[in-house]
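Colleague: Could you have a look at this structure, given as structure tokens, before my questions?
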Amino acid sequence: MMSTMTTMESEWRLAAHILLLSAAIGGITYLLRALRSFHLRQENRSPPPGGIGSWCRGFVGAETLSFLADNSSGRGFYHFVHTRALRYGACFRTSLFGRTHVFLLSAKARAAAACLLAADPPHFAKRYVRTVADLLGEHSLLCTSHDTHRRMRRAVAGLFASASTAAFAETFDRLTISQLLAAHFQDRVVVLDVALDVTFRAICEMLIGPQDDSQKLERLQSDVMDVTQAMLAVPLRLPGTRFYKGIQARKRIMDVLRQEISMRRQNSLKLDRRDDFLQTLLLKSHTDSPEEALTDEQILDNILTLIIAGQVTTATAITWMVKYLGDNTDLQEKLRSVQLDLASKHHGSPLSLQHLNIMDYAYKTVKESLRMATIVSWFPRVALKDCQVAGFRIKKDWIVNVDARSIHYDPTIYHNPTMFDPSRFNDDMKPYSFLVFGAGGRTCLGINLAKIMMLIFLHRLVTNFRWEMADHDTSLERWAMFPRLKNGCPICLTPIHKKKMY
Ligand code: HEM
């Protein structure tokens with residue numbers, strides 16, 4: 105009996121000790137946590153809120169799946185950002201493809217743009233998702249690191265001098281006219297198809313010269329499309345997947361370009377009178393010092409980069425511009441009257457840079473279309489060390505995205521931002537409020553070419569046709585790298601002259 109009581113007593117004592125010990129541990133943990141979060145708040149070092157907090161652990165890849173689900177739906181991938189901004193606010197954290205991403209929106213994005221997109225931002229470097237580097241190549245201007253980038257950009261930027269820009273305007277005008285002549289025989293045209301075709305031909309002619317073999321050009325165009333469509337795909341190198349298709353297409357494009365280079369070398373570069381970008385880069389690679397000269401691999405990756413960075417972006421922007429004017433026929437009429445007046449002064453002659461320079465209202469229409477379309481929705485920059493952004497703690501290797509779309513739709517900057525209104529560009533802009541071509545050391549190299557293409561296409565279309573939308577469906581194309589209409593923007597055309605006027 106005594107021994108049973110002693111055993112019970114000691115069991116009770118043990119239980120009490122365990123209870124006391126757990127309470128003590130619980131209390132201390134609670135205190136430490138409270139102290140830590142107080143400390144973090146004091147030092148403003150807490151990470152941004154978001155969907156990869158402790159409640160979400162275990163759902164590995166849930167955010168990536170959600171991103172892919174939005175991208176494969178008619179809502180488009182920006183829906184992913186929009187819904188999280190509503191939940192967490194203008195700075196949030198998420199996890200995509202195994203990397204932590206932070207998104208900064210509206211005022212926070214503008215404030216951060218000044219330091220993150222600056223010429224040489226300390227502690228930050230540009231970083232696209234791995235798939236983009238795999239498809240464009242490690243030497244691509246869009247993917248290289250700081251030092252290599254500076255040298256490569258110097259080499260490529262020289263190609264965009266005013267002489268080649270003027271020649272490009274002439275080529276683009278010629279190609280646009282031939283496309284629109286064909287449109288005279290159709291009463292319904294899919295703008296995206298026309299714009300993709302004309303931008304592709306013009307950019308290829310500028311980069312690798314005119315191509316006589318139309319089948320070769322068509323194969324190249326279809327391969328470029330496969331590469332573009334693989335950029336946001338799941339990086340599975342399995343036959344049948346979109347990513348695999350893109351990688352195979354890249355290989356074929358590289359083969360075509362390699363053959364072109366070896367053909368030019370056989371014909372002796374210096375005697376060859378071509379003046380396209382490829383020729384200029386090859387000549388430079390012979391004459392420049394070894395530190396400045398570009399290797400064949402660097403040239404190849406960047407020719408592909410220029411096609412992709414220039415074609416799909418501009419064709420998408422042209423398509424949105426035609427849609428906005430199709431939805432706003434009063435503005436279309438206003439623009440038409442201004443442009444017909446200009447056309448009467450250069451009747452019959454090709455459009456030159458001088459003609460484009462005085463298209464003031466058309467230029468505002470181009471800018472307003474670019475603002476509303478925001479072809480590149482955000483700019484990713486990777487943190488090279490632990491730091492602070494917008495008052496939040498950012499860890500090394502996290503990717504911070506400056507969200508341009510939220511700036512372009514911020515009602516404190518653009519009154520009534522969902523309304524298409526070119527005249528809003530009568531006023532001066534606030535700094536970092538118009539980021540369609542980026543800012544700082546990575547600003548788009550093709551700004552002038554993009555403006556030239558958009559102005560020429562707009563002028564030729566508006567002075568020859570009236571148009572309205574043939575289909576009002578606004579759902580977005582699945583898997584597109586840049587947001588664009590699934591239906592490609594079909595329009596009904598009515599020629600405005602009995603005689604063609606070009
Ligand atoms: C409407 C058409 C276009 C838009 C909206 C556009 C937009 C942009 C943006 C936003 C960036 C910077 C991305 C960043 O900082 O992360 C960029 C970079 C670039 N763009 Fe464009 N672009 C267009 C047309 C073109 C054209 C026509 C070309 C050349 C043929 C071109 C070539 C490039 C290149 C090479 C870069 C990389 C620059 C660098 O990193 O140094 N773009 N573009």
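Numbering-wise (my numbering), the sequence shown opens with residue 105 and increments by one.
Note that the Cβ used here is the ideal one computed from N, Cα and C, for glycine as well.
Can you tell me whether N371 is buried or exposed? The criterion is at least 16 other CB atoms within 10 Å of its CB, across all chains shown.
Modeller: Here residue 371 refers to the residue found at position 267 when the sequence shown is read from its first residue. With fewer than 16 Cβ atoms within 10 Å of its Cβ, N371 is classed as exposed.
Colleague: Helix, strand or coil for D507? Go by DSSP, reduced to three states.
Modeller: Indexing the sequence shown from 1 puts residue 507 at position 403. Correct three-state label for D507: strand.
Colleague: Identify, in the order they occur along the chain, each residue of the same chain with its Cβ nearer than 6 Å to the Cβ of F586, setting aside the five sequence neighbours on each side.
Modeller: Numbered from 1 along the sequence shown, position 482 holds the residue referred to as residue 586. Cβ within range, chain order: T420, I479.
Colleague: My parser needs the beta strand (DSSP E) runs of 3 or more residues fully inside the region 156-203; what are they?
Modeller: You should have 195-200.
Colleague: Can you determine whether any heavy atom of ligand 1 sits closer than 6 Å to the C-beta of V92, and answer yes or no?
Modeller: Since the first and last residues shown for the chain are 105 and 606, residue 92 lies out of range.
Colleague: Apart from the five residues just before and just after W159, which ones in its own chain have a Cβ nearer than 6 Å to its Cβ?
Modeller: In the sequence shown, counting from the first residue as 1, residue 159 sits at position 55. Below a pLDDT of 50, predicted positions are generally treated as unreliable, and W159, at 44, falls in that range; no measurement from the model is reported.
Colleague: If T269 sits next to I556, beta carbons under 8 Å apart, how far is it from one beta carbon to the other, in whole angstroms?
Modeller: In the sequence shown, residue 269 corresponds to position 165, counting from 1. In the sequence shown, residue 556 corresponds to position 452, counting from 1. Between I556 and T269 the Cβ distance is about 7 Å, and since that is below 8 Å, they are a contact.
Colleague: In terms of alpha-carbon separation, which member of P151, P153, L398 lies closest to F254?
Modeller: Here residue 254 refers to the residue found at position 150 when the sequence shown is read from its first residue. Strictly speaking, residue 254 in this sequence is Arg, with Phe absent from that position. Comparing Cα-Cα distances from R254 to each of P151, P153, L398, the minimum goes to L398.
Colleague: Any idea if F289 is buried or exposed, counting beta-carbon neighbours within 10 angstroms, 16 or more meaning buried?
Modeller: In the sequence shown, counting from the first residue as 1, residue 289 sits at position 185. Exposed, by the Cβ-count rule.
Colleague: Determine the DSSP secondary structure at C219, reduced to helix, strand or coil.
Modeller: In the sequence shown, counting from the first residue as 1, residue 219 sits at position 115. The answer is helix: DSSP assigns C219 an H, G or I state.
Colleague: Mind reading off the beta-carbon distance from R509 to Y232? Whole number of angstroms is fine, and I expect it under 8 Å.
Modeller: One-based indexing of the sequence shown puts residue 509 at position 405. One-based indexing of the sequence shown puts residue 232 at position 128. Their Cβ separation, rounded to whole angstroms, is 17 Å, which puts R509 and Y232 out of contact at 8 Å.
Colleague: Just the Cα atoms here: how many angstroms apart are L382 and L553?
Modeller: To locate residue 382, count along the sequence shown from 1; it is residue 278. To locate residue 553, count along the sequence shown from 1; it is residue 449. Distance between the alpha carbons of L382 and L553 is about 17 Å.
Colleague: Am I right that R323 and A334 are in contact with their C-beta atoms under 8 Å? What's the rounded C-beta distance?
Modeller: Within the sequence shown, residue 323 is the residue found at index 219, counting from 1. Within the sequence shown, residue 334 is the residue found at index 230, counting from 1. The Cβ separation is near 17 Å, so there is no contact.
Colleague: Mapping the DSSP letters down to three states, classify H205 as helix, strand or coil.
Modeller: Working through the sequence shown from its first residue, we reach residue 205 at position 101. Three-state result, H205: strand.
Colleague: Just grab the DSSP bridge partners of L580 for me.
Modeller: Locating residue 580 in the sequence shown gives position 476, where the first residue counts as 1. The partner list for L580 (beta bridge, DSSP) reads L589.
Colleague: Return the CA-CA distance between R582 and R179, expressed in angstroms with no decimal places.
Modeller: The sequence position of residue 582 within the sequence shown is 478, counting from 1. The sequence position of residue 179 within the sequence shown is 75, counting from 1. For R582 and R179, the distance between alpha carbons rounds to 8 Å.
Colleague: Could you check which residue in A213, A229, A173, R191 has the C-alpha nearest to that of R546?
Modeller: The residue you call residue 546 lines up with position 442 of the sequence shown. For R546, the nearest C-alpha among the options comes from A229.
Colleague: So N256 and N406 are in contact, right, with Cβ under 8 Å, and what is the actual spacing, rounded?
Modeller: Here residue 256 is taken as the residue at index 152 of the sequence shown, counted from 1. Here residue 406 is taken as the residue at index 302 of the sequence shown, counted from 1. Residue identity differs from the one stated: residue 256 is Met in this sequence, not Asn. Correct: roughly 7 Å between the Cβ atoms.
Colleague: Between L240 and T433, is the Cβ-Cβ spacing less than 7 Å?
Modeller: Here the question's residue 240 lines up with position 136 in the sequence shown. Here the question's residue 433 lines up with position 329 in the sequence shown. Cβ atoms of L240 and T433: not closer than 7 Å.
Colleague: Please list the terminal residues of the continuous beta strand (DSSP E) segment that includes E396.
Modeller: Locating residue 396 in the sequence shown gives position 292, where the first residue counts as 1. Segment: none, E396 is in no beta strand (DSSP E) and carries neither H nor E.
Colleague: So for L597, helix, strand or coil by DSSP?
Modeller: Walking along the sequence shown from the start, residue 597 turns up at place 493. L597 falls in the strand class under three-state DSSP.
Colleague: Using beta-carbon positions only, say whether A217 and Y513 come within less than 7 Å of one another.
Modeller: As a first step, residue 217 is located in the sequence shown; it is residue number 113 there, counting from the start. As a first step, residue 513 is located in the sequence shown; it is residue number 409 there, counting from the start. For A217 and Y513, no; Cβs fall outside 7 Å.
Colleague: Exposed or buried, what is H62 when buried is set at 16 or more other beta-carbons lying within 10 Å of its beta-carbon?
Modeller: Residue coverage of the chain in this structure runs from 105 to 606, which leaves residue 62 outside it and unanswerable.
Colleague: Does the Cβ-Cβ distance between P152 and F196 come in under 7 Å?
Modeller: Residue numbering aside, residue 152 sits at position 48 when the sequence shown is read from its first letter. Residue numbering aside, residue 196 sits at position 92 when the sequence shown is read from its first letter. For P152 and F196, yes; Cβs fall inside 7 Å.
Colleague: Return the first residue and the last residue of the beta strand (DSSP E) that A229 is part of.
Modeller: As a working mapping, residue 229 is identified with position 125 in the sequence shown. 228-230 is the span of the beta strand (DSSP E), which, as asked, contains A229.
Colleague: Does A574 come out as helix, strand or coil in the three-state DSSP assignment?
Modeller: Here residue 574 refers to the residue found at position 470 when the sequence shown is read from its first residue. In this structure, A574 counts as coil in the three-state DSSP scheme.
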